[in-house]
Amino acid sequence: MLTYSNQRGTKGNEARLFLLTLAWASFLLAATAVAQIYLPPPPPPPSDYGKVILDTYVKSSPGAVVFDHWLHRSKFTCRLCHVDAGFAMEAKATGITAESNRQGFHCGACHDGKKLFYGKPLFAACPRTPPDRQCDRCHSLGKVGARKYEYSSFTEHFPKDLYGINWEAAEARGIVKPVDFVPGIMLRKAQIQSREDFTIEAGLEWVHPVLFSHEKHSVWNGCELCHPDIFPTARRSTVQYTMFSNIEGRHCGACHTKVAFPLNNCQKCHPSGPRWAAQ
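Numbered per the working numbering, the sequence shown finishes at 289, counting up by one with no gaps.
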C-alpha cells in the first residue's frame, strides 16, 4: 500500500509529466503553424502558372487582357521584355495603356504590325480601328475560343516535369530558341561572359546545398534582370536570403513564385536531396 507521501509524489510526477506533455504539444502546434505559414503555397495548374490579368480598362475597351508567360517565354528571353521593353516585375507597376502600346512602348515595342518574327509580321497592339476579333486575341478574359494558342495543344511536345514545362530541357533540346534581340528596341551588344556556378550551403545540417548555375540563368535573364535590384552585386555571403524571403517573393522568389519553376519543386535547386516535392 502506498503511503501518503508516496501518493503525493506520484501525483506530483503525473502533474509534471502532464505539463511537459502540454508544453511539447504547444511547441509542436506552433512549429506546425509556422511551417504551414512558410511552406510554399501549392502552385496553380501549369496552364495558369504565370498568367497575368490586366483588368484596368475603360468601359469602351474590349475588356481585360490575359497574358500567358508560357507563350511568350517559348519565344523570347525574360531579359528582353523585363529590361529592354521595360515591363516591371510587379503586377500593375508598368502602367500599360492602349496609347503607350500605339506609341511603340510596352507590348507595342514588338507588336507594331511591322516587326517580323519567323518571317511573319507581329500583329499590331491596340490599333485605332473599332474593336474586332483581332482585339480578342489579347482581350480574351471570359471569351471562349478567342485565343489563338491554348496551353495543352501548344505545349504537347514540350518536355514536362512535376509542375509543367521543363524549360531547361526544352531549351537544351532546341525545342525553344528564345530570342534576345529585337531591332529597334535595343542595341546589339557582345554576348556576356557567364560567371562560374557555385554551391550555396544551407544553415541547417538536414538541408541539402543549393547548386546555382549562372550559365543557365544568364541564358534567359542576362545579368541586369537579377543585379542589382534583386541581388545586389556584393561579395558572396554579404546578402542574406532564406527560404522565408524566397516564399515571400523576394530574392529567388521574385521569379520562382510567379513564372520560373515553383519553389515546391525542391530538387531543382537541391539536386542532391531526395526526390520529393512539397504539395
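Just so it is clear, CB atoms sit at the ideal spot from N, CA and C, and this is done for glycine as well.
As the structure is a prediction and not an experimental result, all values here were calculated from the model.
Annotation for residue 173: 53, 56, 59, 271, 272, 274, 275 and 287 place their beta carbon closer than 8 angstroms to its own, counting only its chain and skipping 5 residues before and after. With a cutoff of 8 angstroms on beta-carbon distance, residue 83 and residue 235 are scored as not near each other. Contact between residue 132 and residue 106 does not hold, since the beta-carbon distance rounds to 16 angstroms and is not under 8 angstroms. Linking residue 278 to residue 80 through their CA atoms gives a straight-line distance of about 19 angstroms. Taking a cut-off of 8 angstroms for Cβ pairs, the segment 223-241 and the segment 106-122 do not touch, as fewer than three such pairs fall below it.
One Cα belongs to residue 178, the other to residue 77, and the distance between them is close to 22 angstroms. The beta carbon of residue 243 sits closer than 6 angstroms to those of 237, all from its chain and outside the five residues before and after it, given in chain order. Residue state for residue 197 is assigned as coil, using DSSP reduced to three classes. Taking C-beta separations shorter than 8 angstroms and ignoring five residues to either side along the sequence, the partners of residue 92 in its chain run 98, 99 and 235, following chain order. Within the segment 58-106, the complete alpha helix (DSSP H) runs of at least 4 residues fall at 79-83.
Straight across, the Cα-Cα distance linking residue 211 with residue 252 is about 11 angstroms. Less than 8 angstroms separates the beta-carbon of residue 169 from that of residue 180. As for any alpha helix (DSSP H) of minimum length 4 sitting wholly inside the segment 239-276, the runs are 253-257 and 263-266, ordered along the chain.
Its Cα nearest to that of residue 195, the residue 125 stands out among 125, 217, 148 and 146.
Excluding its 5 nearest sequence neighbours in each direction, residue 74 has C-beta neighbours in its own chain below 7 angstroms: 63, 64, 65, 67, 149 and 151, listed in chain order. Between residue 85 and residue 219, the beta carbon gap of about 34 angstroms keeps them out of contact (Cβ cut-off 8 angstroms). The three-state secondary structure of residue 189, taken from DSSP, is strand.
DSSP lists 221 as the bridge partner or partners of residue 209. By the neighbour-count criterion, in which 16 or more other beta carbons inside 10 Å mark a residue as buried, residue 230 falls on the buried side.
Pairing residue 263 with residue 183, the inter-Cα distance amounts to about 27 angstroms. If one requires a minimum length of 4 residues, the alpha helix (DSSP H) runs lying completely within the segment 138-174 are 161-164, in chain order.
Judged by beta-carbon spacing, residue 158 lies beyond the 8 angstroms limit of residue 143, meaning their Cβ atoms are not closer than that value.
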